[in-house]
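Residue numbers (my numbering): 1471 to 1556.
Positions of the beta carbon are idealized from the N, C-alpha and C atoms, including for glycine.
Only one structure is covered here, and it is reproduced in the block below.
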Amino acid sequence: MALLRKAGIALAATGAAHFAAPKLFEPISRVGFPHDTEAWIKRNGATELALGLALTTKKTRKAGVIGVAAYFGWLGARVAYQRQNA
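Pasting the structure below:
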């Protein structure tokens, strides 16, 4: 489970980076969230931070894995929808 812990730390750091340097995430976020992109950068950052932290401890890891799967599935669907309806 060391790999999941490291992945959680990386995901949490990426989530925190959404707040520290939001402009870095604008180009990729705009693809899935063309309207109100700035707010979505913060929402996604908070989600990634929370899910990443959930992966770092054994007690919350299972919920974190399920959350990450659901979140990335939703992100993928959102991007596909936006591209199809652009």
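Residue i (DSSP reduced to helix, strand or coil)
i        : result
Pro-1492 : helix
Asn-1555 : coil
Thr-1526 : helix
Phe-1542 : helix
Pro-1504 : coil
Nearest-angstrom Cα separation, counted from residue j out to residue i
i        : j        : result
Ala-1487 : Trp-1544 : 21 angstroms
Arg-1462 : Thr-1527 : Not covered by the structure: residue 1462. The range shown for the chain is 1471 to 1556.
Contact belief for residue i with residue j at Cβ below 8 angstroms, rounded distance in angstroms
i        : j        : result
Ala-1524 : Gly-1485 : Contact doesn't hold; Cβ gap of about 11 angstroms is too wide.
Ala-1491 : Gly-1522 : That pair is no contact at about 17 angstroms.
>> With three or more beta-carbon pairs closer than 8 angstroms as the criterion, would you say the segment 1545-1552 touches the segment 1491-1509?
In response: yes
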